[in-house]
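Since the structure comes first, as structure tokens, the remarks are kept for the end.
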Amino acid sequence: MHLKHHPDHPHDDELLYACTHWTGYDAQVDGYPTSYLWTALRLGGACDRLRDRILAAFRADSDRDVLSQLLDLVDQYARNGDGDAQQAMLDRMEASGPDEFEHYPATIINRLGERGLILVALQIGKRLDLGTYNDWIDLSSSSPQWLDPNRAMAVVKGQVGAGPGVDRLLTMLEEYAGTRAQSKSEPQRSSWSRTAILQLPFIKYRDWVRSESGRPMVYLSRKWGEKAPESELRAAAEIFLKAEDEFDRKLGLFVFANAPFPFDPQPLIDLTNDEDEFIAFHALRSLRHARHPKVRAFFEKSLAAKAHLKDLFGLLLGNLLPGDVERVTKWIRDQQDDYPVGPAQHDAEITHGIAFDLLEVIEYHDIEAVEIVKWVFENTPCRNCRRRALEHLIKHELANNEILVDCRWDQCPYIRRAARKAMGDST
Ligand SMILES: [Zn+2]
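FYI, our numbering numbers position 349 of the sequence shown as 389, with every residue one higher than the one before it.
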């Protein structure tokens with residue numbers, strides 16, 4: 041909202057910084073913030089203004105996390121038909137070293153369809169020739185859902201004769217298809233084939249996870265849920281509701297950590313009191329995006345009873361109502377005043393949980409919530425959350441001079457840098 045109402049684009053520098061730097065804590069845990077960044081770019085009308093600089097950064101950058109983030113952003117331009125962005129991805133794939141190469145195939149095939157598949161196959165063929173190809177890519181299964189594996193294979197076959205490498209690639213693909221059933225490759229896959237796995241329909245994803253790892257793979261399954269279309273989420277929920285073993289039960293909980301549960305959430309609510317704490321925790325998480333009166337009622341009841349506090353406020357991600365910001369602000373204040381052990385003195389883990397969830401909710405709904413963010417800033421035991429709170433205050437021009445002067449000498453280098461930058465001190 042803020043960006044929308046300030047067409048004089050005072051935030052271009054921050055936006056560009058966020059796009060071209062890795063600002064997360066751990067990519068594996070946090071995932072890449074691309075959709076958030078893209079929304080920010082669009083709201084600020086900065087897509088066009090910053091396009092050239094983002095493309096240039098993509099062409100030049102080398103840090104692994106930043107590169108993945110930039111590739112996702114460039115792919116957003118490509119998705120909207122930007123030919124330069126598509127070319128930048130192809131150029132970068134062509135120029136990439138053996139370790140970097142794995143980033144590109146899935147994105148390019150997804151974006152350019154059969155043409156992309158051909159270009160990737162030719163590129164792998166070339167690398168096989170040169171002996172610089174050290175990864176394994178199953179092109180038929182990494183192709184997006186709309187491209188049937190047999191069709192994908194036929195497309196690659198169509199390129200036979202383009203070079204000895206392509207012929208070898210085809211032989212490899214055929215051999216692999218034959219031995220796939222017995223193959224016991226490591227659960228840790230390269231990031232590009234991970235992208236392909238995330239596009240599998242639920243039933244296939246579930247089979248893959250079962251055979252690859254035997255465990256329901258929490259982060260990958262969360263990511264799968266984030267990317268899944270509604271029909272697939274329904275398929276996942278149906279299997280979860282009929283779950284007969286731990287695997288299906290946990291897999292379901294993980295899938296809905298960042299995706300809306302599409303049916304009556306009562307079974308999830310019941311699990312929040314499961315005697316297995318692990319199940320109870322993940323059940324609560326799986327409710328966060330389930331927008332439903334029952335979730336709201338559960339939130340109210342738990343808040344009144346001060347139950348599940350560590351993970352409770354995350355429920356507002358999907359269930360925020362008008363007036364909630366004021367209520368939570370007051371709730372925090374009341375805890376400080378009336379309760380002998382207010383949140384600040386709580387068990388550090390509970391305080392961190394409350395602070396973290398509130399930040400998530402505030403950032404997700406793009407609200408200012410000054411007092412809450414200040415409370416987070418002052419009370420969280422975690423410097424990563426503290427930095428996020430400060431950046432929020434600065435972004436909304438709510439960081440006063442006192443806070444900034446203080447932060448210039450903070451122990452965390454990112455906080456120091458953010459504060460100095462906000463004060464116009466670039467040294
Ligand atoms: Zn934290």
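Here a beta-carbon is modelled for each residue, glycine too, at the ideal position from N, C-alpha and C.
- Task: For Leu361, count neighbouring C-beta atoms within 10 Å of its own C-beta (all shown protein chains included) and say buried if the count is 16 or more, exposed if not.
- Result: exposed
- Going by C-alpha distance, which of Val416, Arg89 and Val114 is nearest Ala100? Val114
- For Ile279, three-class secondary structure by DSSP: helix
- Task: For Ser253, count neighbouring C-beta atoms within 10 Å of its own C-beta (all shown protein chains included) and say buried if the count is 16 or more, exposed if not.
- Result: exposed
- Task: Counting only the same chain and skipping the five closest in sequence on each side, list residues whose C-beta sits under 6 Å from that of Phe469.
- Result: Given a span of 41 to 467 for the chain in the structure shown, any question on residue 469 remains unanswerable.
- Query: What is the DSSP secondary structure of Gln376, counted as helix, strand or coil?
  - Reply: In the structure shown, the three-state DSSP call for Gln376 is helix.
- Extent of the continuous alpha helix (DSSP H) run through Val416: Val410 to Asn419
- Query: For Trp415, does the count of other Cβ atoms within 10 angstroms reach 16, so buried, or fall short, so exposed?
  - Reply: Result: buried.
- Does any heavy atom of ligand 1 sit closer than 6 Å to the C-beta of Asn424? Relative to ligand 1, Asn424 has its C-beta within less than 6 Å of a heavy atom.
- Query: Does the pairing of the stretch 129–149 with the stretch 78–92 give three or more beta-carbon distances under 8 Å?
  - Reply: Counting Cβ pairs under 8 Å, fewer than three are found: no touch.
- Message: On the criterion of 16 or more Cβ atoms from any shown chain inside 10 Å, does Asp92 qualify as buried, or is it exposed?
- Response: Exposed, by the Cβ-count rule.
- Under the three-state DSSP convention, the category Gly265 falls into: helix
- Task: Using a threshold of 7 Å, state whether the C-beta atoms of Leu444 and Met463 are closer than that.
- Result: yes
- Beta-carbon proximity list for Ser223, same chain, < 7 Å, skipping 5 on both sides: The pLDDT assigned to Ser223 is 42, lower than 50, so where the model puts this residue is not dependable, and the model offers no usable value.
- Query: When you compare only the Cα positions, how much space is there between Cys447 and Asn419?
  - Reply: 15 Å
- Item | CB-CB length for Val295 against Trp264, believed under 8 Å | Right, their Cβ atoms sit about 6 Å apart.
- With a threshold of 6 Å, establish whether the CB of Phe353 neighbours any heavy atom of ligand 1. No, since every heavy atom of ligand 1 falls outside the 6 Å radius drawn around the Cβ of Phe353.
- For ligand 1, is there a heavy atom less than 6 Å away from the beta-carbon of Phe396? yes
- Message: Would Arg476 and Gly354 qualify as a contact pair, given that the criterion is a beta-carbon distance under 7 Å?
- Response: Past the boundaries of the shown model lies residue 476; the chain is included only from 41 to 467, so the question cannot be answered.
- Task: Please say whether Val401 and Leu356 have beta carbons closer to each other than 7 Å?
- Result: Contact flag set, yes.
- In chain order, what residues of the same chain have a beta carbon less than 8 Å from the beta carbon of Leu324, not counting five sequence neighbours either side? Leaving aside the five residues that flank Leu324 on each side, the residues in its chain whose CB is nearer than 8 Å to its CB run, in chain order, Thr312, His348, Asp351, Leu352, Gly354 and Leu355.
- Item | Where the alpha helix (DSSP H) through Ala299 begins and ends | Ala299 -> no alpha helix (DSSP H), and no H or E assigned at all.
- Item | Under the three-state DSSP convention, the category Asp115 falls into | helix
- Message: Could you check whether Ala118 and Arg151 sit closer than 7 Å to each other, using their CB atoms as the reference points?
- Response: yes
- Item | Separation of Ile309 from Ala345, as counted between CA atoms | About 16 Å.
- Query: Helix, strand or coil: which one does DSSP assign to Tyr173?
  - Reply: coil
- Item | Assigned secondary structure, Val200 (DSSP; H/G/I helix, E/B strand, else coil) | Val200 falls in the coil class under three-state DSSP.
- Could you have a look at Pro307 and say whether DSSP puts it in helix, strand or coil? helix
- Of the residues Arg234, Phe98 and Arg457, the one placed nearest Ala128, counting alpha carbons only: Phe98
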